[in-house]
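Student: Have a look at this one before I ask anything.
There are 2 protein chains.
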Amino acid sequence: MDKRRLPKSAHAPDLSTEQKILAAARQEFSERGMDGARMQAIANRAGVNKALLHYYFRSKDKLFEIIIRDLVSAIWRLIHADLKAQPKAPDLRSVVRSLVSSYISMMSQHPEIPLILVRQLLTRDKNVRVIARSIIAEIGDAPGRIFTAFAREAKSGRIKKVDPVQLIMNIMGMVIVTFLSQPIAEIVKQETGFGITYDEKFYKARIDFITDMVFDGIAIKERAS
Amino acid sequence: MDKRRLPKSAHAPDLSTEQKILAAARQEFSERGMDGARMQAIANRAGVNKALLHYYFRSKDKLFEIIIRDLVSAIWRLIHADLKAQPKAPDLRSVVRSLVSSYISMMSQHPEIPLILVRQLLTRDKNVRVIARSIIAEIGDAPGRIFTAFAREAKSGRIKKVDPVQLIMNIMGMVIVTFLSQPIAEIVKQETGFGITYDEKFYKARIDFITDMVFDGIAIKERAS
DNA sequence: CCTATATTTAACCATACGGTTAAACCACAT
DNA sequence: ATGTGGTTTAACCGTATGGTTAAATATAGG
Chain C
496 MDKRRLPKSA HAPDLSTEQK ILAAARQEFS ERGMDGARMQ AIANRAGVNK ALLHYYFRSK
556 DKLFEIIIRD LVSAIWRLIH ADLKAQPKAP DLRSVVRSLV SSYISMMSQH PEIPLILVRQ
616 LLTRDKNVRV IARSIIAEIG DAPGRIFTAF AREAKSGRIK KVDPVQLIMN IMGMVIVTFL
676 SQPIAEIVKQ ETGFGITYDE KFYKARIDFI TDMVFDGIAI KERAS
Chain D
496 MDKRRLPKSA HAPDLSTEQK ILAAARQEFS ERGMDGARMQ AIANRAGVNK ALLHYYFRSK
556 DKLFEIIIRD LVSAIWRLIH ADLKAQPKAP DLRSVVRSLV SSYISMMSQH PEIPLILVRQ
616 LLTRDKNVRV IARSIIAEIG DAPGRIFTAF AREAKSGRIK KVDPVQLIMN IMGMVIVTFL
676 SQPIAEIVKQ ETGFGITYDE KFYKARIDFI TDMVFDGIAI KERAS
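Here the protein sequences come in this chain order: C and D.
If you want the working numbering, it's the position in the first sequence, counting the first as 1, plus 495.
If you want the working numbering, it's the position in the second sequence, counting the first as 1, plus 495.
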């Protein structure tokens, strides 16, 4: 059995049916979620026969799983590429800024990442465990880095002693709301006429704004206490 | 047609089958989302025959719509009750604090609210428009109040002149992440052993932490520039 | 009691949707 | 040209699930 899978080579259509399916699936899943997505819809988006979805990826579950796996590993890849491109952070503020910047730039390049992952993580479902586990593994570095850096800085008295859980939760909240708000903002625009333009400029502004809010909030001001 | 609907009075079972269904549906929808929810599962949770769901609420869509409508109006009701219970806010910081507090207390009492609404709003779907519209109408007060209050304060030079969109986005992000993180935190606990206890104490701490972060971030420190 | 009306139930229906299959198609090697 | 193996297609299948129905059961009013 299984003469399918790993087709590759020989024949070579116009740059991979497989890729077209994956792209279409990413779209569909991000808009409708695992349960709302329809195999037929994915096939249509990809301009491909439905049976091919099963030819290349056995089942809907397997397809979804691969999408998730790819997204999670993309996080890792993109974040690291971006961090490496940045100058080594000298001070704490720069560390936070570069982390925030990396995550925002990553998600702005791939808006499906927060959409699919968040929705899935909100779902009470045993396979969520699997996703969560891999995310924890992949994302793992960031909270740790922030945590230890802050602990050190707090010891040296340059920042307030705050609960790191609260701190990280706030940072994460400010980062992801940037993307979760997008579909809502679109509707608000259509309803009220007032809208946000999610472009390069806006994202840059958010990086600064978040960093500022974090720091000028927790930095101890010399003159008081 | 329609001899059903508005059964009420006459007979009177043990405190409303209708209510049992609504409660069960709220649960199911919040855990699995509109598409993932199963009518049979709702019936089971309510300990009721499946046909009753259709007897009281025509269809799955209608049932979901009612749930959403109720949640949205609950936001309004709870927020206002809470705000009225609080002392009139004298200064800006107190205004923000009391708004943040109201929203957090509201969602902590009804965790389904953020779960169902956020998931639904992430879905690309025409009926999202309807939901969004009602939320915009109901929630409407808060951003406006914050916005004008901040504009006034900024004029008087007590806080930095910041983009109100960025500001509100940050506040909202920090508030909702408090609840969106809950399912994830549960898994993290099972995976790594480290967990957060989402209790009264934690929520109170978050209210303070968020307020502090917002303000000590945007308040102009006398000694500097 | 009897009747009318609301409620509840089991059994059933229709179909949307994930998945399968067998045949066709296509490119290349021999 | 023909055979081989990956690829694509239309047509089909089984079932889960939303929804319906007709009969049963309860309740209140007369």
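Each residue gets a CB set at the ideal place from its N, CA and C atoms; glycine is no exception.
Computed from a predicted model, the values in this text were never measured in an experiment.
Does the region 592 to 610 of chain D come close enough to the region 534 to 550 of chain D that 3 or more CB-CB pairs lie under 8 Å?
Tutor: In short, these stretches do not touch, since the Cβ pair count stays below three.
Student: Using 8 Å as the threshold, is the C-beta distance between L594 (chain D) and I641 (chain D) below it?
Tutor: Yes, Cβ-Cβ distance for L594 (chain D) and I641 (chain D) is below 8 Å.
Student: In chain order, which continuous runs of the alpha helix (DSSP H) of length 4 or greater are located wholly inside the region 641 to 695 of chain C?
Tutor: List check, alpha helix (DSSP H) in window: 659 to 687.
Student: According to DSSP, is N454 (chain D) part of a helix, a strand, or is it coil?
Tutor: Outside the shown range of chain D (496 to 720) lies residue 454 (chain D), about which nothing can therefore be said.
Student: Can you confirm whether L494 (chain D), when its beta carbon is compared against all beta carbons of chain C, has any partner nearer than 8 Å?
Tutor: Lying before the first or after the last residue shown, residue 494 (chain D) is absent from chain D, which here runs from 496 to 720.
Student: Considering A576 (chain C), what are the terminal residues of the alpha helix (DSSP H) in which it resides?
Tutor: 555 to 580 is the span of the alpha helix (DSSP H), which, as asked, contains A576 (chain C).
Student: Of all the options C:V670, C:E648, C:A532, which has the alpha carbon lying nearest to the alpha carbon of R701 (chain C)?
Tutor: It is C:V670 whose Cα lies nearest to the Cα of R701 (chain C).
Student: Would you kindly check if the distance between the Cβ of T512 (chain C) and the Cβ of R588 (chain C) is under 8 Å?
Tutor: No, Cβ-Cβ distance for R588 (chain C) and T512 (chain C) is not below 8 Å.
Student: Would you grab the beta carbon distance between L566 (chain D) and I608 (chain D) for me? Rounded to a whole angstrom, and I think it's under 8 Å.
Tutor: That pair is a contact at about 5 Å.
Student: What's the call for R647 (chain D), buried or exposed, on a 16-neighbour Cβ count within 10 Å?
Tutor: That one is exposed.
Student: For a cutoff of 8 Å on Cβ pairs, would you count G676 (chain D) as touching chain C?
Tutor: First, the amino acid is wrong: residue 676 (chain D) is Ser here, not Gly. Chain C, which has a Cβ nearer than 8 Å to the Cβ of S676 (chain D), makes this yes.
Student: Please tell me whether I561 (chain D) and F552 (chain D) are closer than 8 Å, where the distance is taken between their beta carbons.
Tutor: In this structure, F552 (chain D) lies closer than 8 Å to I561 (chain D) by Cβ.
Student: Alpha carbon to alpha carbon, how far is D556 (chain C) from L616 (chain C)?
Tutor: Rounded to whole angstroms, D556 (chain C) to L616 (chain C) spans 16 Å at the Cα level.
Student: If we define contact as Cβ-Cβ less than 8 Å, is A580 (chain C) a contact residue for chain D?
Tutor: Chain D contact via Cβ: absent.
Student: For A627 (chain D), does the count of other Cβ atoms within 10 angstroms reach 16, so buried, or fall short, so exposed?
Tutor: Flag for A627 (chain D) reads buried.
Student: In terms of alpha-carbon separation, which member of C:I654, C:A569, C:Q514, C:T673 lies closest to L548 (chain C)?
Tutor: Looking at the Cα atoms, C:Q514 is the closest of the given residues.
Student: Which residue marks the beginning of the alpha helix (DSSP H) containing S596 (chain C), and which one marks its end?
Tutor: S596 (chain C) -> alpha helix (DSSP H) spans 587 to 604.
Student: Does F552 (chain C) come out as helix, strand or coil in the three-state DSSP assignment?
Tutor: Coil at F552 (chain C), not helix or strand.
Student: Applying the criterion that 16 or more other CB atoms from any shown protein chain within 10 Å of the CB defines a buried residue, is T687 (chain D) buried or exposed?
Tutor: Burial call: exposed.
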